[in-house]
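A.B. asks: Note that our numbering numbers the sequence shown so that position 69 is 860, with each residue one more than the last.
Note that beta-carbon positions come from the ideal geometry of N, C-alpha and C, so glycine has one too.
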Amino acid sequence: MLKKFLIIISLFINTVALAADNNVAVLNTDRLKNDTKAGQSIAKQVEDLQAKFRDKVSKLTQEFDTKKIELDKNKPILSKEAFAKKEAEFNNKMTEVRKDLQQEASKIDQMQQMAVADFNTIARSVIDDVVKQGKYSHVFPAEVVIYADPKSDITSQVIAGVDKKTDRIELKEPAKDKK
């Protein structure tokens, strides 16, 4: 407990010392992602892919539910061995489909991560330019700063800079694993 308190006090003292420089800027990273055209394009593409994925899962769930009901109806007329074979085939197919769905969900996540990495590269170059122009010595995320002078907020400048560089970042298929 004492250690945590000392760390907090140390961070506070360092932040106060930095603020005395008047070379400190803050950046609202949530606004940067949400208010840039490129950030919005990533969010829209991911949302569309996830909606298609949810529809696919729903459709497959209905199909498997129907097949399971059909299988259960045939249980009384099939021999024990025949039913066991059909049930095993059903379970194997369901396992295969689940695996494919997990891979597809993972692929969507990878596509989003790659697009966000591209976005961050562009945003970082804009931030570097804004920092040089404003002669800032430090930039803190606004989300962790309790108070900052509104004049030190560079979020709007960075948003404008990112929008000037690009208005869209395309989601790309991840590279296929070589086996």
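1) Near V921, which residues of its chain fall below 7 angstroms by C-beta distance, leaving aside the five closest residues on each side in sequence?
2) With V935 as the anchor, note down where its alpha helix (DSSP H) starts and where it stops.
3) Count Cβ pairs between the segment 956-964 and the segment 819-835 that sit closer than 8 angstroms; are there 3 or more?
4) Are there three or more Cβ pairs, one per stretch, closer than 8 angstroms when the segment 893-905 is compared with the segment 866-878?
5) Name the residue from L851, K963, V936 and Y938 whose alpha carbon lies nearest to the alpha carbon of F910.
6) Where DSSP assigns a beta bridge to A816, which residues make up the other side?
7) Pick out whichever of V936, E880 and K923 has its Cα sitting closest to the Cα of T820.
8) What residue range does the alpha helix (DSSP H) around E872 cover?
9) What does the Cβ neighbour count give for A875, buried or exposed, with the cut at 16 atoms within 10 Å?
10) Starting from K944, follow its DSSP beta bridges and name the residues at the other end.
11) I need the boundaries of the alpha helix (DSSP H) containing R845, first residue and last residue.
12) Here's the rule I'm using: 16 or more other beta-carbon atoms within 10 Å means buried, otherwise exposed. How should S943 be labelled?
13) Check the Cβ-Cβ distances between A834 and every residue of chain B, and say whether any is below 9 angstroms.
14) With distance defined between alpha-carbon atoms, name the residue in F844, A879 and V848 nearest to K859.
15) Return the residue from the list R889, K866 and T827 that minimises the CA-CA distance to L851.
16) Below 9 angstroms between beta carbons: does that hold for P932 and V848?
C.D. replies: So, to answer that:
1) Closer than 7 angstroms at Cβ, skipping near neighbours: I945, Q948, V949 and G952.
2) The continuous stretches of alpha helix (DSSP H) do not include V935, and DSSP gives it neither H nor E.
3) The segment 956-964 vs the segment 819-835: in contact.
4) No: the two stretches stay apart, fewer than three of their Cβ pairs being nearer than 8 angstroms.
5) When each option's Cα is compared against that of F910, the closest is K963.
6) Its beta-bridge partners are V930.
7) For T820, the closest of V936, E880 and K923 by C-alpha to C-alpha distance is V936.
8) Annotation: the continuous alpha helix (DSSP H) that includes E872 extends over K871 to G925.
9) Taking all protein chains shown into account, A875 has fewer than 16 neighbouring C-beta atoms within 10 Å of its C-beta and is therefore exposed.
10) First, the amino acid is wrong: residue 944 is Asp here, not Lys. Listed as beta-bridge partners of D944 by DSSP are V817.
11) Per DSSP, R845 belongs to the alpha helix (DSSP H) from K828 to N865.
12) Taking all protein chains in view, the Cβ of S943 is crowded by 16 or more other Cβ atoms within 10 Å, so the residue is classified as buried.
13) Any reference to chain B falls outside this structure, which holds one protein chain only.
14) The candidate whose alpha carbon is nearest that of K859 is A879.
15) Looking only at R889, K866 and T827, the smallest Cα-Cα distance to L851 is reached by R889.
16) Contact flag unset, no.
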